[in-house]
Structure formats: structure tokens, C-alpha cells
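Heads up: the structure comes next, in C-alpha cells.
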Amino acid sequence: MKRILSALAVGVVAAAALSGCSAGAGGDKVIKVAYQKFGNFTQMDSQMKSVAKQYEAAHKGYTVKLIPIQASENDYYTKLSLMNKSAATAPDVLYEDTFLIKSDASAGYLAPFDSYVKDWGDWSKFPDNAKQAGQGEDGKLYGISMGTDTRALWYNKELLTKAGVPVPWHPKTWADVLDAAKKVKAAEPGVTPINVYSGKGAGEASTMQGFEMLLYGTKDTLYDESSKKWVAGSKGFEDSLEFIKEVYQGGLGPSVQDALDPNFGNTVSGQLLPQSKLAIDLDGSWLPQNWIKGGAAAWSGWNSAMGETPMPTQNGAAPDATSMSGGWTLAVGSKSKAKDAAWDFVKLALNKENSLAYDVNATQIAVRTDVASDPKYVDANPTNKFFSDLVKVTHFRPATSVYPKVSNNIQVAMESVMTGQQSPKEAAKTYDDALPNAVGGANHVTTK
Amino acid sequence: MSSTHVVAAGGRGGATAPRPPARRNRLGRSVGRSVPLIPSMVLIAVFLLGPVISSFYGSFTDMSLTGSAAQGTKFVGLENYVQLFQNPDFLQSVWLTVLFLVGSAIIGQNVLGLGLAMLMRNGNTVVRGIVGTLVVTAWILPEIVAAFAAYAFFHDDGTFNELLALVGIHGPNWLYALPMVAVILANVWRGTAFSMLVYSAALFDVPEDVTESAEIDGAGGAKRLVYITLPMIRRSISTNLMLTTLQTLSVFTLIYVMTAGGPGTKSSTLPILAYQEAFKFSQLGLGTAIATILLVIGAVFSVVYIRALRPEVD
Chain Y
16 MKRILSALAV
26 GVVAAAALSG
36 CSAGAGGDKV
46 IKVAYQKFGN
56 FTQMDSQMKS
66 VAKQYEAAHK
76 GYTVKLIPIQ
86 ASENDYYTKL
96 SLMNKSAATA
106 PDVLYEDTFL
116 IKSDASAGYL
126 APFDSYVKDW
136 GDWSKFPDNA
146 KQAGQGEDGK
156 LYGISMGTDT
166 RALWYNKELL
176 TKAGVPVPWH
186 PKTWADVLDA
196 AKKVKAAEPG
206 VTPINVYSGK
216 GAGEASTMQG
226 FEMLLYGTKD
236 TLYDESSKKW
246 VAGSKGFEDS
256 LEFIKEVYQG
266 GLGPSVQDAL
276 DPNFGNTVSG
286 QLLPQSKLAI
296 DLDGSWLPQN
306 WIKGGAAAWS
316 GWNSAMGETP
326 MPTQNGAAPD
336 ATSMSGGWTL
346 AVGSKSKAKD
356 AAWDFVKLAL
366 NKENSLAYDV
376 NATQIAVRTD
386 VASDPKYVDA
396 NPTNKFFSDL
406 VKVTHFRPAT
416 SVYPKVSNNI
426 QVAMESVMTG
436 QQSPKEAAKT
446 YDDALPNAVG
456 GANHVTTK
Chain W
375 MSSTHVVAAG
385 GRGGATAPRP
395 PARRNRLGRS
405 VGRSVPLIPS
415 MVLIAVFLLG
425 PVISSFYGSF
435 TDMSLTGSAA
445 QGTKFVGLEN
455 YVQLFQNPDF
465 LQSVWLTVLF
475 LVGSAIIGQN
485 VLGLGLAMLM
495 RNGNTVVRGI
505 VGTLVVTAWI
515 LPEIVAAFAA
525 YAFFHDDGTF
535 NELLALVGIH
545 GPNWLYALPM
555 VAVILANVWR
565 GTAFSMLVYS
575 AALFDVPEDV
585 TESAEIDGAG
595 GAKRLVYITL
605 PMIRRSISTN
615 LMLTTLQTLS
625 VFTLIYVMTA
635 GGPGTKSSTL
645 PILAYQEAFK
655 FSQLGLGTAI
665 ATILLVIGAV
675 FSVVYIRALR
685 PEVD
């Protein structure tokens, strides 16, 4: 009994001492930095460790407390939101997905940067659309882009050549893309001509790599930025579904059952492309991550076998190509007691040297123009230049807090078209009818 | 419990004191005896009752993870419930949950578990050992491992279809064409061991002589089962039904890994729907309302079992 009591006492004292350590560091100023560290994704961890060292050396009296959160993407969002809810746990600097900036800003979790970037010389190195990616619904700036990703058409040079499509391939319109796929279908029966992610199985990949790559190449968008309303009844929406119908009902795409498998993305990058069973793939800039040495599906010949070309706009209208981007930013928490110091940390982490190091190590597409043209970055991966150039024409998702529901409805529309349950017109109508409910009322919807 | 009470009462105050004070004493004593229970009751209140009440309250709010509603949580009354009952996806999820429950727990696990337990009692030691090991293996696997194993088994190019191909049957793509059948079979596979163990123990307690005398009286196998065995183990049946029901209602990992609730929403049971609303769409309040309804469904089934099988009356 005595022993138990003394053990308890020791425990209590130790706990008090530990909590004293974390809370009582007030004499020394602490910056808490929260970011994701999960599975193979350790690049952010090493980057933050390096930046923390530089920061502590330059700012005497400050300590950087790194909080790596071990969680997959969706769980990371949840954990970060829970941390942000309470001032006791809210971090000073956060690794924040562009996908969540708008909703976290309206939740009051983030502090605006506008007054800070005015005096930051490097801000001019960020292209306008990357600046917009960090904006909240109120138009204020809440996140600074660390790196991004873009999307385009990957194609198998050999398969296209065999089908009589000249390589390098430069489709100018959607019709050119479908024509090439039809030629592959006619020439090579064992090959899937084209993959466009679609349906609920692939989740957000269907919405972003599939549907939005089409829609943002038409004259229409999902969301009208000027009136801050969601768009219903647009022609572009129906046309994009028509493209999906041609791919899946026209026998140009993978079988519907395969495409609806939640793991289909891995099948594409790990099997179909390396085994030359897929000719054209509308996919992301990150594919080589799987194929480089040490990747999930190492493939030494990928760079000579695969070609890349921008996704054309529907009818070849300027700017000739389109792309969609996600990517992550650094943000400062609104509950932070040391916002100036936190901003200094963000500035340091995203200066040219650190951005360059991160974009190379984490195979990101560079946002800063000076990084994108740096030979060290360009030489790091043979496709870096191609995908960085797409940043000029790229779009960011209207990722407000209702976006996940809208995205879900888009996947439902795609799925009913690809399975033939509904015509593009009917599916678009279903989407339009469900839109007011998804976005919080008919007053948030504008009909074209 | 009651016997110690009587002994203690008789042992101390009972002999000399007049009646009313004794009763008061007894009351005082039972209050006194409850004192040691207070710490555990406090623990239960804090860690069990607390979350239940807070989740019940949460289902009447617009609590969310992010977005403008996260700024301040408002009480919205029955709005979440109204929204749910107007949503065809929710009604479908309730139906799928009941289907999953009846198919995999009440029929699948219970009947198969009882059948296996009865066969095992009559089987020889070697067969018993092998069957027991195979069945229990599925149960001791962590849920995530079992889920991936089931995914590999039912996948279009999976083990099941390969086996069917051996005998010349071209199997369907189970996860796509018959998602509910696939997840129900997977849950039967995973959960039967539990029922089998419970029923094995229960059957062990059925006295041999009762069964034998029934046999002498001319009762056949089926009659013995219905009139002797089942009534004698009905307490175990009730407990087992309740446990498997509650376990099955909360199955999430298995379905999420195998079909993620799809294709479309064709296997989206209530836990999957709650996860989607709470963590994908950030509406914690709505997700909590679904969880509360799940709780109610569990309670309804539990009451039915207790009433129907009355374990406490002999």
C-alpha cells in the first residue's frame, strides 16, 4: 500500500512538473507549429525541423515547439480543427490545406496576413492565382502557398504512335482528346484508351482530376466569385457530363466497375500505366512520385515512355489549356498570442532557399516564380518545368465550408451518367435541384 | 448479495432493539454501505453518462468542425432530426442498417453460431479443434485486418471468384453488384465465433439427463432442440442477441474498407453516414443526431430481446 501511495505521489509530482514545463515556458517565448507527418510523408517534418533551427538562431529568446500530427489527410483536418477550437491547444503556425482555408477562416481559426504581406518584398514572386488560393470568403489573405500540384494529360507515347496519333501529342480541343482515344480503341483492343476519374469511389479525385478539369475548360465555373453564389443550370456543367458519358458509355474508358473501386487510383499509377494498358490518363503532377526509385511502383523507364500535354479547353478558347490546383499553405492561428513572431516564422519558412528545398524534397510544383526557374528545381524532376508552367492557367477550387457537399453531389451526378442511369441533362438537373440544400439555401445559388 | 444482507442484519442490531429503530438502522446502514460505491458511480457518470448526455445535447445543436457555424455553437432544436427524416439517403441508411443487423447478426451469427456449437458438441476432438481454430481465427483478427482480408476475398479478381471459376461459375463483382451481401457475409464470417463460444458454454450447462429422458420419451432431434435445448439456454440467447446486435450496429471499419458505403450509397449504413456527415462534411451536430438514432435502434432491439426471452424468470 505504501509503495502504491509513493508511486502515485511520484506520478503526480512528475505530471505537475511536465505540465509546468509546457505551460510555464512563458518566460521564454514559444511558437507552436502544427503540421502533418504520416507514412511516407516526412518531408514536412524535416523541413520544419530545419526552419525551426534557423529561426531559433536568428531570434534569440524564442523557442519553436514542433507538433507533428500523425494522421491521414482527412483525420489531419479533424485533429487540426479540434486543436483550433480551444485557445489552450490552438497552434501559432499551421500547415493548412488550400482546400480548408475558406472554411477555417470563416470558422475564425485563422489570422489575416494582409497587413504583413504589404511589407514583404518576396510577395511579388507569387503569381496572382496562387495568392488567391490563400484567400478567405471575405477576400482577406489567410495562407501563403508552400507549393502546389497541377493536373494534365499523361499519355503513353508508344500506344499513341501505334494508333496513328502523332507524338508529341498536342490536342487543341476536347474533340481532339476523344478522337485520339477512339483511334486507340480501334487499333488496340487490349488497351484502355483513356481514364478520367469519375464517381464516388475515387472521391475528390473524381471531382478535381475529372469533372473540374473539364468544367474549368468551358466558359462556366462551379461558383461565381463576384456574386459569391453557386452556379446552377450552366451549359458547361452538362457538357462536362457529356464528356464523361462519351468516355464511359462510349467504351473509351475503364470499365465502370473498375472506375468505381475506391483503390482505382493506385491501379492506374501502379499497374495500368507501367504495364502499357492505358493510353491517356487525366491525372496529377505527382504521378512520378510513385515511379521514382523508392516509390510505391518503381518504374525506371517512365520518363521515356510517358508524355505530358496540357488539358485543352473545350473548344480551344484562350488560354488554350486549363488545370486545377490544390496544395498547402502556412497560416497563422487567430488565437495565437505571438502573431508577429509567427509571421516571421512563415516568412522564413517560405523564403526562396527554404521553398526551393521543400519543393524539391517533397516533389511539389513550385509556386514562387524564382523557385520555378531555378535550375536546381528544374533539374530535380524532368516533368517539373512542364507542370510548373501550368500554374499560369490553373484554377483553385471554390473550397468554402459547403464545398465537400457540392463535391459529393458532383460525384453522384458523374456516377449516374457513367453507369447510364441518367442522361447528362437529367443528372445536371438532379444536381441543380440538390444544390440549394447543399449550400445552405436557394439564396446562395444563381441559375444561368 | 441479499443473503449477506440478511445475515449481517440478524447478526448485529436485530436481537435487542425494537422494530422501528431497526428499520431506520437498516436504512442508515444501506446508505452507509453505498458509500464505497460512490467513486465508481462518479467514474461511470463522468465517463459513460457524461458523453451520452453531451452527445444527446449535441444532436440539438449546429456544432461543426469548421465553417462559420464553428464560431459559436447554436441550439437548433429538432432541425437536425427534421433534416434527417426528410433526407431519402438517411431513410435508406436506416433500412440498410436493419438489413445488415438482421442478416448478419440475428440470423447469420446467431443461427450459424448455435449450429456450429451443437455440431461441435457431437463432433470428435480433432474436428472440433480444427473447426474451432478456423472460426475463432476470424474473430481474433483485428477489425482492419479482417476487413482487408474480406475485401481481397470478395474483390472482382479475389479468392472467392477464383474458387468459383474452378468449378466453372463466373462470379459477379460482389463489392459492386451485391455490396450488402458481401458485407453481410463478411460480418457473419467475422462474428460467428463469438456466438459459437457463447452457445458452446451454454450447451455445456444443459444437463445430459434431461436430454436423455426426452429422448427416451420419444422426442426426436428437432423436438429436443425446440422444447428442451432452446428454452434451457434462452438466457444465453438473449444475452448473445443483445451483444451481437450492439456490436453489429456499430460496425464501421469492415464496411468502410470493403465498399466505403458504395457503390453510390448502396451499402451506407448509419455509422458510415454519421462519419460522412460529421467528418467529411464537418457537421458534428448532424452526425451526433445520427448516432443518437443508432442508439435508439439499439435500445429498441435490446428491449425486445429482454421482453421476448425474459431471462430473469425461471
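Those protein sequences? They're chains Y and W, same order as listed.
Quick note, the first sequence lines up with residues 16 to 463 if you use my numbering.
Quick note, the second sequence lines up with residues 375 to 688 if you use my numbering.
All residues carry an ideal CB built from backbone N, CA and C; glycine is no exception.
Looking at Y:M429, Y:V206, Y:K352 and Y:K234, the one whose alpha-carbon comes closest to that of Y:G214 is Y:M429.
Exclusion of the five residues before and after W:L439 leaves S656 and L658 as the residues of its chain whose Cβ lies within less than 7 Å of its Cβ.
Any Cβ of chain W closer than 8 Å to the Cβ of Y:A122 would place that residue at the interface, and such an atom is present.
From the listed residues Y:A372, Y:D298 and Y:A377, the smallest Cα separation to Y:K391 is found for Y:A372.
Nearest to W:T662 by alpha-carbon distance, out of W:A648, W:V572 and W:E589, is W:A648. For W:G532, the CB contacts under 6 Å within the same chain, skipping 5 residues up- and downstream, are A526 in chain order.
Using a 10 angstroms sphere on the CB of Y:A167, the tally of other CB atoms reaches 16 or more, which defines it as buried.
Closest in C-alpha terms to Y:K292, from the list Y:Q329, Y:G455, Y:T344 and Y:V199, comes Y:V199. Within the segment 203–223 of chain Y, those residues whose Cβ lies closer than 7 Å to any Cβ of chain W are, in chain order, K215 and G216. Here DSSP, grouped into helix, strand and coil, assigns Y:P327 to strand. Annotation: W:T613 has no Cβ neighbours in chain Y at a cutoff of 7 Å; minimum Cβ distance is about 35 Å. Taking the Cβ atoms as the reference, Y:Q58 lies roughly 4 Å from Y:A377, within the contact range of under 8 Å.
Y:Y231 is not bridged by DSSP to any residue. When 7 Å is used as the limit between beta carbons, Y:K420 is near these residues of chain W: F655, in chain order. A Cβ-Cβ distance of about 7 Å is found for the pair Y:N144 and Y:F411, placing them in contact under the 8 Å criterion. As DSSP reads the structure, Y:V347 sits in a beta bridge with Y:V108.
Taken in chain order, the whole alpha helix (DSSP H) runs of length 4 or more contained in the segment 398–454 of chain Y are 399–404, 418–433 and 439–454.
Between the C-alpha atoms of Y:K440 and Y:T222 there is a straight-line separation of about 18 Å.
With respect to chain W, the C-beta atom of Y:T93 has a partner C-beta closer than 8 Å.
Rounded to the nearest whole angstrom, the CA to CA distance from W:V541 to W:A556 is 20 Å. The distance from the Cβ of Y:I380 to that of Y:S300 is about 5 Å, consistent with a contact at the 8 Å cut-off. Y:D296 has Y:W169 and Y:N210 as its beta-bridge partners, per DSSP. Under the DSSP assignment, Y:W358 falls outside any beta strand (DSSP E), being part of the alpha helix (DSSP H) whose first and last residues are K354 to A364. Taking C-alpha positions only, Y:G76 is separated from Y:W135 by approximately 23 Å.
Runs of the alpha helix (DSSP H) lying entirely within the segment 445–532 of chain W and spanning at least 4 residues, in chain order: 453–460, 462–474, 484–496, 499–514 and 517–528. Those residues of the segment 440–463 of chain Y placed with their C-beta closer than 7 Å to a C-beta in chain W do not exist.
Within the segment 337–359 of chain Y, no residue places its CB atom closer than 9 Å to a CB of chain W. Using beta-carbon distances, Y:N89 counts as an interface residue toward chain W, with a partner under 8 Å.
In the structure shown, the three-state DSSP call for Y:A49 is strand. Nearest Cα to Y:L81 within the set Y:A67, Y:A72, Y:S351 and Y:D359: Y:A67. Look at the segment 419–431 of chain W: it has no residue with a C-beta under 7 Å from a C-beta of chain Y. When C-beta atoms of the segment 558–575 of chain W are compared with those of the segment 479–493 of chain W, three or more pairs fall below 8 Å, so the two segments count as touching. The Cβ-Cβ distance between Y:Y92 and Y:I84 does not fall below 8 Å. With respect to chain Y, the C-beta atom of W:P637 has a partner C-beta closer than 8 Å. With distances taken between CA atoms, Y:A201 lies nearest to Y:G179 out of Y:A357, Y:W184, Y:V347 and Y:G179. For Y:L371, the uninterrupted alpha helix (DSSP H) run begins and ends at K367 to N376, by DSSP.
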